[in-house]
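In my numbering, the protein residues as written are 6 to 591.
Cβ coordinates follow ideal geometry from the N, Cα and C atoms, glycine included.
One structure is given below, encoded as structure tokens.
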Amino acid sequence: MLYKALSISTLVALALVELTTQALANPNLTNSTKKNHVVTVEAATTESQNTNNVVVTTTPNSAQSTAVQPIPQANETAARSGSNQTITDDFAVTATDVQIVGVSEELQQVIRKQISTYPGGSTSQSQLEKDVAAILNTGLFADARATPANNQQGWDVVYQVTPVVVKSVQLSGNQVLTPEIANDLFQSQLGNPISPTNLNQGAAQLNQWYQDNGYAIAQVIAVQPTANGVVKIEVAEGVIGDINLRFLDEEGKPTEGRTREDFLKDDLQLKSGDLFRMDVAQQDLRQLYQLGLFNQVDISLNGDAKKMDVTYELTERAPRTVNVGGGYNDANGIFGTISYKDNNIGGVNQKLGFELQLSPRDLQFEGNYGSPYRASSPDKPGYNVEAFRRRTVSRTFEGDIPLEGDQEFETPNEGHFGGGITLTKPVNGWDTSVGLNYDRTSIRDRDGNLLPEDPLGNPLSFSDTGIDDLVSLSLEVAQDQRDNPINPTQGSLLSFSTEQSLPIGSGNILMNRLQANYSHYLPVSLLNGEKSEVLAFNVQGGTTIGDLPPYRAFNLGGQNSVRGYGSGDVATGRSYVLASAEYRIP
């Protein structure tokens, strides 16, 4: 009997436990009435760190807070799952309906991605608390409440949310972006409920402002809204770290360079600590090309938008050339030549060159020495000194004129002896050069005899002796926007020049020679090759005012005039205008 009594007691106890468990799992009895429970979480304001942030507008506000009213018998968080059961001490119920009120559809979508309560899933009081905390942590909402209402199947949950009203924006990491610019771009959002779409549009406008102003690397890297209405914007503006030079051979492999690195770096406009700007980088590339030392110049970047190293990759031209040769021409007969040219003396772009030509009839030479202008020494102009003695067949006078009998007038020779000095320096964005020149010109036949006029009595020199002295002052200004002065593929070159002679010496020549020249280059890809073709357009003109020695007329034809013709083969005159177009294939 004792054993039977114990067995019956045990069965009764187990039945009571099972009944209690079922009651806890389904507290909604048939005669239960709807009862609302409010779950609120205090919206704590996170203190900002002490940084050198620039505040666009300052409106001190504290985050709105609410009291916590916990639901009885709920002290554990229920994990989101597809089941209506939760393995915790906190009871789980089915979320029969989930509503979000007080915000736009856009913000409702944001909330649904943050909360773990959804229709048909399980939830609990602690889960609602976590949902509210997740909503507030986005920084998009000033206040959030979750209110569950009992029904036959579980809870209807309503999230009552108040969006943040944008009061100001706060910048960090900025140097060039000013508060006024940021305020202007975000002006339409100030005083209005926050919108992630509008925030993204504002960030895109900031990025576009960087691009439009040449800051190709700068960008917005984070937009963080806060509950007090301040939108924190972190930017990285492409601060330059190290400036490096890398010399490459023709195959693109690293090699030792002859040019001194300090010489090159002194004239570069990009400096360590500056912000990377595309237009400044392009100016550096043009400057390096204009030195005449490099066949190829490129820039490589290593790093990220916060800090990056800039490396100039340089392929040098052959620094020295030595030539020895000989030949024959009508002016000098058999001759021998030797020439030497160094474009980079000491690795600082100083130039030295000379050429010597020796023949039984004549001795000719040409020499020059120069040092370029350097932006790092703005008060010191560049200079070039030259001296020459040369004799060539005239390109102005036409020979082989039949005369009486068996005689024939041969094309005379022009002899030039003189020198000059030229100073160069940029002035208001124009490359400016001034020079003082002397040229003693003689007109002779092939035997070396002076020839002041042709057999028909036409003067060949300005004086009646066959020898003219021309002392002149020259001025030239140019604006070079070409990407490569040696082999341009895009850009333009505009130049104006004037040469004023002084009436000194034989002939007393008083003249002014004016010229203007404009070239424009456009890359095209008609053949779809690896390198683009180039359309080259040129317009030029000139005139001579005052005295005009015959040999100083403008000769049309040649590489810088009309290709396919020799100098003077097209026309010769006191004034001229010429336009040309070329299609260049690399």
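Item: Residues bridged to Lys346 [DSSP beta-bridge criterion]; Value: Thr326, Gly358
Item: As assigned by DSSP and simplified to three states, the class of Thr15; Value: Unreliable placement is indicated for Thr15, whose pLDDT of 34 sits below 50; no coordinate value is reported for it.
Item: Residue interval of the alpha helix (DSSP H) (run including Gln213); Value: 201-217
Item: Contact with chain D by Gly234, beta-carbon distance below 8 angstroms; Value: No chain D is present in this structure, which holds just one protein chain.
Item: Leu428 to Ile339 span [Cα, whole Å]; Value: 37 angstroms
Item: contact_flag[the stretch 559-573, the stretch 530-539] where n(CB pairs < 8 angstroms) is 3 or more; Value: no
Item: 4-residue-minimum alpha helix (DSSP H) runs that sit fully inside the stretch 161-195, ordered along the chain; Value: 184-190
Item: Pairwise C-alpha distance: Asn349 and His421; Value: 28 angstroms
Item: Own chain residues within Cβ distance below 8 angstroms of Val170, not counting five before or after; Value: Ala147, Gly196, Asn197, Pro198, Ile199, Gly234
Item: Residues of its chain near Gln194, where Cβ-Cβ distance is below 6 angstroms and the 5 sequence neighbours each way are ignored; Value: Val171, Asn203
Item: Residue nearest to Gly126 in terms of C-alpha spacing, selected from Val162, Gln484, Val108, Leu141; Value: Val162
Item: Buried or exposed by the 16-neighbour rule on C-beta atoms within 10 Å, applied to Gln104; Value: exposed
Item: The stretch 357-369 in contact with the stretch 514-527 per 3-pair CB rule at 8 angstroms; Value: no
Item: Segments of 4+ residues assigned as alpha helix (DSSP H) that fall wholly inside the stretch 222-281; Value: 266-272
Item: Contact under 8 angstroms by Cβ, Gln224 with Ala241; Value: yes
Item: C-beta contact flag for Ile448 and Ser468 at 8 angstroms; Value: no
Item: Exposure label - Gln157; buried when at least 16 CB within 10 Å; Value: exposed
Item: C-beta atoms of Val353 and Phe414 nearer than 8 angstroms; Value: no
Item: Nonlocal neighbours in the same chain, by C-beta distance under 7 angstroms from Thr143, ignoring five residues either side; Value: Val115, Gln119
Item: Through-space distance from Leu531 to Ile186, alpha-carbon basis; Value: 43 angstroms
Item: Inter-residue CB distance, Leu293 and Phe299 (contact presumed, cutoff 8 angstroms); Value: 6 angstroms
Item: Sequence-distant residues of its chain with Cβ nearer than 6 angstroms to Glu360 (five each side left out); Value: Ser344, Glu371
Item: Among Glu111, Thr167, Trp160, Ser173, nearest to Val137 - alpha-carbon criterion; Value: Thr167
Item: Element boundaries [alpha helix (DSSP H), containing Lys135]; Value: 130-142
Item: Asp271, buried or exposed, once every other Cβ within 10 Å from all chains shown has been counted against 16; Value: exposed
Item: Residues near Ser438 in its chain [Cβ-Cβ closer than 7 angstroms; skip 5 each side]; Value: Thr427, Leu428, Thr429, Glu481
Item: When Asn188, Asp303, Ile226, Tyr556 are compared against Gln287, the one with the closest alpha-carbon; Value: Asp303
Item: Segments of 4+ residues assigned as alpha helix (DSSP H) that fall wholly inside the stretch 490-528; Value: none
Item: Own chain, CB closer than 7 angstroms to Asn560, minus 5 neighbours either side, in chain order; Value: Arg400, Thr401, Ser572, Gly573, Thr577
Item: Inter-residue Cα distance where the pair is Lys135 and Ala97; Value: 14 angstroms
Item: Stretch-stretch touch, CB-based, cutoff 8 angstroms, three pairs: the stretch 509-524 with the stretch 494-501; Value: yes
Item: When Gln206, Tyr317, Val181 are compared against Leu280, the one with the closest alpha-carbon; Value: Val181
Item: Cβ-Cβ distance between Glu239 and Ala227 below 8 angstroms; Value: yes
Item: beta-carbon Arg557 near the ligand ZN non-hydrogen atom, thresh 7 angstroms; Value: The ligand content of the structure shown is nil, which means the ligand ZN is not present either.
Item: Unbroken beta strand (DSSP E) run spanning Tyr301, endpoints; Value: The sequence given here has Gln at residue 301, not Tyr. Where Gln301 is concerned, the enclosing beta strand (DSSP E) stretches over 299-308.
Item: Glu403 - partner residues in DSSP beta bridges; Value: None; Glu403 has no bridge partner.
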